[in-house]
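Student: Residues 51 to 444 in my numbering are what the sequence shown lists, from first letter to last. Structure below; questions to follow.
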Amino acid sequence: MTQGERRTPARRTVLGAAGATVLGASAALAAGTGTAQAADADLAEDRTPGRGHGYRSLPVPTVIGHRGSAGYRPEHTLGSYRHALDIGAHVVEQDLVPTRDGHLVCRHENDITGTTDVADHPEFASRKTTKTVDGVALTGWFTEDFTLAELKTLRAKERIPGTRQENTLYDGRWTVPTFEEVLEWAEEEGRRRGREIWLHVETKHPSYFRCLGLGLEERLAKLLRRYGRHRANSPVFLQSFEPSSIQRLKKLVDAPGVVLLSGPSSRPWDFVEAGDPRTVADLVTPEGLAWIASYAQGIGPTLDLVIPKDASGRLGTPTTLVRDAHAEGLILHPYTHRNENTFLPADFRKGTDPTAYGDAFGALKRYLETGIDGIFSDNPDTARLAAADLAARD
């Protein structure tokens with residue numbers, strides 16, 4: 051039996067239940083708006099200055115489609131983004147890196163070796179190189195060495211085919227989208243669905259690209275202004291692992307900012323370059339959170355900062371991070387929930403196959419009960435159902 055055959059029944063169960071939930075919500079929406087013309091009129095009004103309800107109006111917990119619906123489609127493709135909405139994501143994430151000619155495109159990393167078919171293009175064989183990005187040596191092909199026209203000749207593919215064999219069915223189906231294409235897509239989807247389409251946009255390696263003359267923030271701000279997503283109540287979050295990137299964006303646009311936080315002993319790369327000795331452990335103290343709250347509206351911590359794991363990989367006791375962040379007025383959007391055993395805490399794995407689904411609902415219950423405001427998920431349908439379970443118990 052193949053890996054796909056083992057996992058299909060469980061996946062269909064999850065998708066079927068989520069589909070019923072989402073379809074029910076869609077029916078209610080249709081009943082409330084009346085006509086397609088009315089929905090279009092509402093959306094058009096939302097795009098005018100002062101319109102929109104802002105991030106505090108989002109459901110809590112908010113389900114954020116991590117790179118779209120990366121558990122089911124190759125990440126950062128229009129197919130993955132659309133599917134995330136179809137199965138219940140409230141918000142869809144994009145990671146931004148630049149091309150050589152300055153266009154912003156959606157890739158988790160500037161190294162596109164594993165997420166495109168670039169290795170199959172002999173015309174680009176000479177572009178393979180080794181670079182050091184944020185202190186890490188990487189060998190492959192990089193977006194900053196391609197023009198947009200060249201990048202558009204490539205096709206997206208599944209990043210971890212050994213874990214997500216089923217996703218390889220969609221290899222080659224989509225190109226690498228520009229962020230402007232995503233903004234246009236979001237407008238079209240908003241009209242079609244009769245609601246704002248929320249985006250969660252990350253600047254990747256901003257210090258690295260600024261040194262190359264490809265600063266991300268100014269390019270991003272220009273596009274946000276062009277599409278009316280630069281206001282405090284616009285349906286967009288701006289996120290980065292480098293606090294200085296959020297600080298720079300704050301001077302350019304009013305959209306809410308989120309500082310991403312990795313392991314406690316790590317240091318943001320802009321801190322490394324500036325000689326700032328603070329670590330993430332310093333930033334999650336009340337003093338560090340107060341500093342973040344002076345220029346950002348939220349944090350995106352790794353889930354381990356919310357509930358640490360013990361030496362055996364099992365979930366331990368929640369930290370005070372949720373309470374402390376909320377005390378500073380910050381929302382929390384931790385990352386990343388995934389259904390497969392290999393990504394779950396040890397106490398929620400089932401069987402010995404690392405690619406099989408474990409007790410994802412059990413793990414989500416633990417995380418959501420801490421009071422987090424949202425969660426990034428490769429499987430938005432699962433997270434949406436877990437959020438509904440939590441609401442039903444309240």
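Every residue, glycine too, gets a C-beta built ideally from N, C-alpha and C. These figures come from a predicted structure and were not determined experimentally.
#1: At the level of alpha carbons, what is the spacing between R61 and N429?
#2: In whole angstroms, give me the CA-to-CA distance for G401 and D409.
#3: Counting only C-beta atoms, is E292 closer than 8 angstroms to chain B at any point?
#4: Would DSSP call F196 helix, strand or coil?
#5: Between the C-alpha atoms of A139 and G421, what's the straight-line distance to the nearest angstrom?
#6: Does the contact criterion of 3 or more C-beta pairs under 8 angstroms hold for the stretch 305-312 versus the stretch 328-337?
#7: Alpha carbon to alpha carbon, how far is P99 from S257?
#8: Can you have a look at R388 and say buried or exposed, based on whether 16 or more other CB atoms are within 10 angstroms of its CB?
#9: Where does I296 fall in DSSP's three states?
#10: Taking E231 as the reference, which of E194, L270, D195 has the closest Cα?
#11: Ignoring anything shorter than 4 residues, give me the alpha helix (DSSP H) runs that lie fully in the stretch 298-333, in order along the chain.
#12: Since P395 contacts G363 with CB under 8 angstroms, what's their CB separation in whole angstroms?
#13: Mapping the DSSP letters down to three states, classify V356 as helix, strand or coil.
#14: Tell me whether A361 is buried or exposed, calling it buried when 16 or more other Cβ atoms sit within 10 Å of its Cβ.
#15: Throw me the rounded Cβ distance for the G129 and W224 pair, which I believe falls under 8 angstroms.
#16: From the DSSP output, which residues share a beta bridge with D161?
#17: Identify the continuous alpha helix (DSSP H) that holds D145 and give its terminal residues.
#18: What is the DSSP secondary structure of F291, reduced to helix, strand or coil?
#19: Can you list, in chain order, the residues of its chain with a C-beta nearer than 6 angstroms to that of G424? Leave out the 5 residues immediately preceding and following it.
#20: Per DSSP, which residues does P351 bridge with? Please list them.
#21: What I want to know is whether the C-beta of N391 ends up closer than 7 angstroms to one or more non-hydrogen atoms of the ligand FAD.
#22: Helix, strand or coil, according to DSSP, for T432 in the structure here?
#23: Taking Cβ to Cβ, would you say P445 is nearer than 8 angstroms to A206?
#24: Rounded to a whole number of angstroms, what is the C-alpha to C-alpha distance between H376 and F321?
#25: Which residue from L274, A175, L262 puts its Cα closest to that of T182?
#26: Would you identify the three-state DSSP class for K202, choosing helix, strand or coil?
#27: Could you tell me the alpha carbon to alpha carbon distance between R117 and D326, rounded to whole angstroms?
#28: I need the straight-line Cα distance from T432 to S176, nearest angstrom please.
#29: Using a threshold of 8 angstroms, state whether the C-beta atoms of L380 and I342 are closer than that.
#30: Please state if the CB of I357 and the CB of Y417 are separated by a distance shorter than 8 angstroms.
#31: Could you give the DSSP three-state label for S107: helix, strand or coil?
#32: So, at 6 angstroms on beta carbons, what are the nonlocal neighbours of G338 in its own chain, with the 5 sequence-adjacent residues on each side left out?
#33: Alpha carbon to alpha carbon, how far is D439 from L204? Give it in angstroms, no decimals.
#34: Just to confirm the assignment, what range does the beta strand (DSSP E) spanning G338 have?
#35: Hey, Y105 and F287 are a contact pair by Cβ (cut 8 angstroms); roughly how many whole angstroms apart?
#36: Output the distance between the C-alpha atoms of L249 and G265, rounded to the nearest integer angstrom.
Tutor: On the basis of the data shown:
#1: Residue placement at R61 cannot be trusted, given a pLDDT of 40 that sits under 50; what the coordinates show is reported in the next sentence. Those two C-alpha atoms are separated by around 10 angstroms.
#2: 10 angstroms
#3: Looking at the structure shown, chain B is missing, and only one protein chain is on hand.
#4: coil
#5: 19 angstroms
#6: yes
#7: Because the pLDDT at P99 is just 31, under 50, the model does not fix this residue reliably, and the value given afterwards should be weighed accordingly. So the alpha carbons of these two residues sit roughly 32 angstroms apart.
#8: buried
#9: helix
#10: L270
#11: 319-324, 330-333
#12: 6 angstroms
#13: helix
#14: exposed
#15: 5 angstroms
#16: F192
#17: Premise fails: D145 lies in the beta strand (DSSP E), 141-148, not in any alpha helix (DSSP H).
#18: coil
#19: P111, T112, I114, H383
#20: L311
#21: Only the bare structure without any ligand can be found here, which leaves the ligand FAD out of the picture.
#22: helix
#23: Residue 445 lies beyond the range of the chain shown here (51 to 444); nothing can be said about it.
#24: 25 angstroms
#25: L262
#26: coil
#27: 30 angstroms
#28: 43 angstroms
#29: yes
#30: yes
#31: helix
#32: D332
#33: 41 angstroms
#34: That residue, G338, is in no beta strand (DSSP E); its alpha helix (DSSP H) goes 336-343.
#35: 7 angstroms
#36: 21 angstroms
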